[in-house]
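Numbering (full-length UniProt numbering), first residue to last: 1 to 144.
Rendered as structure tokens:
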């Protein structure tokens, strides 16, 4: 590292790990991935929650580090919430970014393969989906 560097601040996973290995004793501040959850209680405004789940989970094709990755819902409102989210997901447009679509290809084939692996694993563990899984190259249709 350069002797003039007093601190490194970085956002990212694999690259952050590589930087930390080379940083020696230089203080690091890293913002890494998490499991950003949306927790829904029975008194929640379900229309607002549904809109924010779709916005938080699918903007940038779900690739933002702060994207909603997990939704934990009180069972008594789960079916109503799914009924509110489902049509919003169905309205998302899918295609190339040049066409100003809501869902565009993920950044790499390895990312697409990782996502597909999560879908397969969830299905094997008993998950049910409101849509059929569809993928063309790095383009993955939204799935609820």
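Where is the CB? At the ideal position from N, CA and C, for every residue including glycine.
CB contact flag (residue i, residue j, <8 Å)
{"i": "residue 82", "j": "residue 7", "result": "no"}
{"i": "residue 85", "j": "residue 140", "result": "no"}
{"i": "residue 135", "j": "residue 116", "result": "yes"}
{"i": "residue 143", "j": "residue 133", "result": "yes"}
{"i": "residue 100", "j": "residue 66", "result": "no"}
{"i": "residue 138", "j": "residue 122", "result": "no"}
Proximity winner among the options, relative to residue i (alpha-carbon distances)
{"i": "residue 69", "options": "132, 4, 118 and 137", "result": "118"}
{"i": "residue 50", "options": "116, 4, 87 and 5", "result": "87"}
{"i": "residue 4", "options": "16, 23 and 15", "result": "23"}
Classification of residue i by the beta-carbon crowding that lies within 10 angstroms, buried from 16 upward
{"i": "residue 48", "result": "exposed"}
{"i": "residue 103", "result": "buried"}
For residue i, the three-state DSSP class (helix, strand or coil)
{"i": "residue 39", "result": "strand"}
{"i": "residue 136", "result": "strand"}
{"i": "residue 106", "result": "coil"}
Specify whether the segment 41–51 and the segment 60–78 touch according to this definition: at least 3 beta carbon pairs, one from each stretch, less than 8 Å apart. yes
For the segment 51–60 and the segment 93–101, state whether three or more C-beta atom pairs, one from each stretch, are separated by less than 8 Å. no
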